[in-house]
Every structure is written in structure tokens, then in C-alpha cells.
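From first to last, the protein sequence lines stand for chains A and B. Residue numbers are given in my numbering: position 36 of the first sequence equals residue 36, and the series is strictly consecutive. Every position in the second sequence, counted from 1, becomes a number in my numbering once 1000 is added. Backbone N, C-alpha and C define an ideal beta-carbon position, used for all residues, glycine too. Please read the structure below before turning to the comments.
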Amino acid sequence: VRHGAGRLPSVRWGDANFVFHAESGQTHLLNQTCMDLLDLLGQAPRTLEDLYRLLRARYGVDDEDPDLREALDSVVRVLDTLGLIVPLP
Amino acid sequence: VTGVTHRLRDHSLAAFADVLGNGVRFAIGPFVVHVESRELDVARRLHAHYPNYPLVPRERFADVRLTVRRNRTPSRHWWSTRVVCLEDGLPFTTFPRDAALAHLEWTLNWAIATRAHHFLMLHAAVLANDRGALLLPANPGSGKSTLAAYLMHRGWRLLSDEFTLIEDGTLAVHPFPRLVPLKNESIDVIRECVPEAHLGPPIPGTHKGTVVHLRPDDAHIARMHETAAPRLMIFPKYTPGASLRVIPAERSDCFVEITQNAFNYVLKGEEGFRLAVALTNRVASYRLVYSDLASAAEAIDSLMVDATA
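So this is what it looks like as C-alpha cells:
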């Protein structure tokens, strides 16, 4: 997957992250996992396996974590639906 | 009346009614509004309710052009109904003759809300004192207009009871002081709590119930070009019998309220997002539950002092 927008203006207050998506004109309230994922994809397109590995490293999870993997899949689906990320062939 | 900048109160009703047939232009805050009607009753209402607004020459560009005329569409009560038209000359709204002022005001609201996109426009009352601007965004029924009507008689300057016009860059709030439409129960509340308020005649049977227009004093109109810096945002909620509660609002909640409240947030795109973020960071924000106007006003005075200390 890759980042779906060239630039995503955002602001954070406490646990709340707001992102403005220019292509849709929508403002989204995202949790920190979404923001971390967008941050990683802002650096380069990545496979889901890469994202899973990098998120584990970011969160200090050494072992396989099915909950984290499930959360990642869920977040990817949501961000794809919102147009914030784009699947690559 | 036309050609020279002066006020409506400088002219007799007869002279005003004479020129209103060809149109008169008022300066109201940052806008020029053209009003035209051959109806004596409309002239009478405007003469009574708009005495302090400057009249501007007809050569000035008019942001909105409103015409009140008789209804030409055959219907059971066509002879006693009137219409307000915008620039296209077609009826925008049809109403009983005595409700002309209410519909003129509502049509002007609609026109500004759909045109003045050089501002971020919040559906919020806004008042100011020497410390800055107090914004009161709220849904219908929350007591926003009633609270604004009270505060404007207790030391606050009315900028608007309906539109908060935020300038890009500076976030300065531009005044747009208009008649304050009080509805239903709030009419008696203001009559009782603010006996000095200039209230017009009741207009019953509108889609919002009975409406009475409160006319701002000259002091508010005379300063309608003085902007104010936003400092305090209160989300009021009138709850009968409730004791006063002041609850600090999270910045994230304040931001969500702004984005949902602004007439043109989505339309302004990224600029709207940027302005909403900047405004959120600029103001202290609270939720206010109240039933008593005097204690609510006292709390607001104190919150403004804290916000600007």
C-alpha cells in the first residue's frame, strides 16, 4: 500500500488526531495507530508485512501479536475506504 | 435619501417610503444590503427597526439585493401575502403581510450564509468587551439569542446574534449587528429581565413560532466596523431549573464543534481546516448549562477575565 495523498495537514490535541484530506474535503478523527501507519507510508510505499514489522518495532512488541496484526488489517481497511491510502498491484 | 451617507433616522417615514420604492442601500457590518419595496408597511417596519444603520449611495456595490412585493401568484390569500425576492426577481419566500420583517431578515441570513465565503462563518452569536470577543455557538433552542440579548444590555457589545465572521489570517471577528429575533418563551424572559430592551411587535405563526425583533442600540451599530479578537468560546445550553454549571471543553471537542457549526467549513477546504485549528488554539472554551441569565452572565464575565489574564 502507499500513502493516498501528497500531504495530509493534521493537528493533535491529547489522544485526538484530526487529518484534513484535500481530495475528499473530509476531516477525519484518527487514533494514534492510524497516524503511525500514515507516518510510515509517508516515508515509502510498503507491504502489509513490512507495516506489521515496523509497527511492532515502534511499539516494542518483540513476539508475534495477533491483536496487533488484526488491528493493522482493520486500520488498513478503514484508511483504504477513506481514500487515505491506496493499494498497489 | 440616496447619494449621501447618513442614517435612516434622519428622514421622515414619508420621505423614506418614497425612495424605498426605487431601493435603499444599508451598510450592515462589512456588507451593503439593497432593500426595495413599494409597500408602506415595509417602509414603516424598516423605519422603526433600522433607524441607526448608515445609508450608502446607490452606486455602491450591493452584496445582497432584496425586494419585498405583493404576491402575484393566484392563491386563496394572494391579496394578503407578500414575497421576498433576491436578485433574480423570483419569490424566495411567501408570507403573510405582517411577517415581512422576519422574512426579510431570514432571507438576508440565507444570502450571507451562501455568499460571504471570504470569511469562515460560524452559526454563533458573538459579543465583545474590552478584553476580546466571546463566541456563543449553539444549536437552535439552546438559548443563544436570549443570552446574547441579555449580555448586550449588560456591558457587552453585540457583533452578531447569528453570524460569527472570522477573517482569514488574523482571526479577527467582523461585526454584523442585526435585529435579534427572540422566539416564543424567550420574548417574555427578555421583557422581564431587560425591560429597557427595544422590542418590536410580535409576529405570530411563523415556522419558528412567535418572533419579536430586538433592535440593537445605536452604540452597537456605531461600532460595527470595529473587529474583535476571539478569546472565549462558550457552548451554552439553557435547561429550565438547572443550576449553573461551567465545564471546561477539551480542545478536540471545541474543534469538532467549530467544524460542525461553521456554515462553510467544508466549502473552504484546507483553509477552513487551518482557520478552525487556529481558532481552537486561540480561545478558551467551556460548556455552560444555565437557567438564570444573571448568573450565566456573571460566570461569563469571570471566564473572560480568566481567559485573558
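Three-state secondary structure assigned by DSSP to residue i
{"i": "Ala1307/B", "result": "helix"}
{"i": "Phe1176/B", "result": "coil"}
{"i": "Leu1291/B", "result": "At residue 1291/B the sequence reads Ser, which differs from the Leu that was named. Coil, per DSSP."}
{"i": "Ser1302/B", "result": "helix"}
{"i": "Ser1145/B", "result": "helix"}
{"i": "Thr1206/B", "result": "strand"}
{"i": "Tyr1265/B", "result": "coil"}
{"i": "His1220/B", "result": "helix"}
{"i": "Ala1276/B", "result": "helix"}
{"i": "Arg1282/B", "result": "helix"}
{"i": "Ala1133/B", "result": "strand"}
{"i": "Val1001/B", "result": "Note that Val1001/B scores 42 on pLDDT, short of 50, meaning its location in the model is unreliable; the coordinates nonetheless yield the value given after this. Residue state, collapsed to three classes: coil."}
{"i": "Leu8/A", "result": "coil"}
{"i": "Leu88/A", "result": "coil"}
{"i": "Glu1036/B", "result": "strand"}
{"i": "Ala1116/B", "result": "coil"}
{"i": "Ala1296/B", "result": "helix"}
{"i": "Gly14/A", "result": "coil"}
{"i": "Leu1182/B", "result": "strand"}
{"i": "Arg1009/B", "result": "helix"}
{"i": "Leu1171/B", "result": "coil"}
Residue interval of the beta strand (DSSP E) (run including residue i)
{"i": "Met1233/B", "result": "1230-1238"}
{"i": "Arg1191/B", "result": "First-last for Arg1191/B: 1185-1193, but that is the alpha helix (DSSP H), not the beta strand (DSSP E)."}
{"i": "Ser1252/B", "result": "Unbroken run through Ser1252/B is the alpha helix (DSSP H), 1251-1261; no beta strand (DSSP E)."}
{"i": "Glu1167/B", "result": "1163-1167"}
{"i": "His1213/B", "result": "1209-1214"}
{"i": "Val1/A", "result": "First-last for Val1/A: undefined, no H or E at that position."}
{"i": "Ala1124/B", "result": "1119-1129"}
{"i": "Pro1248/B", "result": "1245-1248"}
{"i": "Leu1158/B", "result": "1157-1160"}
{"i": "Ala1027/B", "result": "1024-1028"}
Neighbour list for residue i in chain B, Cβ cutoff strictly below 7 Å
{"i": "Gly83/A", "result": "What Gly83/A touches in chain B: nothing, since even the nearest Cβ is about 15 Å away."}
{"i": "Val11/A", "result": "Val1277"}
Neighbouring residues, chain A, relative to residue i (Cβ below 9 Å)
{"i": "Gly1269/B", "result": "Phe20, Ala22, Gly25"}
{"i": "Val1266/B", "result": "Gly25, Gln26, Thr27"}
{"i": "Thr1259/B", "result": "Phe18, Thr27"}
{"i": "Phe1031/B", "result": "The premise fails here: Phe1031/B is roughly 26 Å from chain A at the closest Cβ pair, so nothing lies under 9 Å."}
{"i": "Phe1095/B", "result": "Correct list: empty, because the minimum Cβ distance to chain A is about 35 Å."}
Proximal residues of chain B, C-beta to C-beta of residue i below 9 Å
{"i": "Gly14/A", "result": "Glu1250, Arg1251, Ser1252"}
Per-residue contacts from residue i into chain A (C-beta, under 7 Å)
{"i": "Phe1273/B", "result": "Pro9, Phe20, Thr27"}
{"i": "Phe1263/B", "result": "The contacting residues do not exist; Phe1263/B stays about 15 Å from chain A at best."}
{"i": "Phe1119/B", "result": "Neighbours of Phe1119/B on chain A: none; closest Cβ ~18 Å, over 7 Å."}
{"i": "Phe1235/B", "result": "Result: empty, since nearest Cβ-Cβ is about 16 Å, beyond 7 Å."}
Range of the contiguous alpha helix (DSSP H) that encloses residue i
{"i": "Leu1013/B", "result": "1013-1020"}
Cutoff 8 Å: residue i Cβ touching any chain C Cβ
{"i": "Phe1061/B", "result": "The displayed structure is made up of protein chains A and B, and chain C is not among them."}
Segment contact flag, the region 1006-1022 of chain B with the region 54-70 of chain A, C-beta cutoff 8 Å, min 3 pairs: Verdict: no, contact absent.
Given 8 Å, three or more beta-carbon pairs between the region 1022-1040 of chain B and the region 1168-1178 of chain B: Because the criterion of three Cβ pairs below 8 Å is met, the region 1022-1040 of chain B and the region 1168-1178 of chain B touch.
Start-end ranges of the beta strand (DSSP E) lying completely within the region 1040-1082 of chain B, minimum 3 residues: Fully enclosed beta strand (DSSP E) runs of 3 or longer: 1054-1056, 1064-1070.
4-residue-minimum alpha helix (DSSP H) runs that sit fully inside the region 17-82 of chain A, ordered along the chain: Fully enclosed alpha helix (DSSP H) runs of 4 or longer: 32-43, 48-59, 66-82.
Every unbroken beta strand (DSSP E) within the region 1078-1113 of chain B, with a cutoff of 3 residues, ordered by chain: DSSP assignment within the region 1078-1113 of chain B yields the following whole beta strand (DSSP E) runs of 3 residues or more, N-terminal first: 1081-1085, 1091-1096.
Three or more C-beta pairs below 8 Å linking the region 1124-1134 of chain B and the region 1151-1162 of chain B: By the Cβ criterion, the region 1124-1134 of chain B is in contact with the region 1151-1162 of chain B, since at least three pairs of Cβ atoms, one from each stretch, lie closer than 8 Å.
Three or more C-beta pairs below 8 Å linking the region 1088-1100 of chain B and the region 1118-1129 of chain B: No, because fewer than three Cβ pairs between the region 1088-1100 of chain B and the region 1118-1129 of chain B fall closer than 8 Å, the two stretches do not touch.
At least three beta-carbon pairs within less than 8 Å, the region 1297-1306 of chain B to the region 1251-1258 of chain B: Segments in contact, no.
Cβ contact (3+ pairs, closer than 8 Å) linking the region 1037-1053 of chain B and the region 1018-1027 of chain B: At 8 Å Cβ cutoff, the stretches touch.
Cβ contact (3+ pairs, closer than 8 Å) linking the region 1238-1248 of chain B and the region 1288-1297 of chain B: Result yes; three or more Cβ-Cβ pairs closer than 8 Å.
Inter-stretch contact (C-beta, 8 Å, three-pair minimum) for the region 68-85 of chain A and the region 18-29 of chain A: Verdict: yes, contact present.
Validate contact between the region 1211-1223 of chain B and the region 1185-1202 of chain B using beta carbons, cut 8 Å, 3 pairs: Output reads yes: the region 1185-1202 of chain B touches the region 1211-1223 of chain B.
Inter-stretch contact (C-beta, 8 Å, three-pair minimum) for the region 7-19 of chain A and the region 27-47 of chain A: Touching, per the Cβ criterion.
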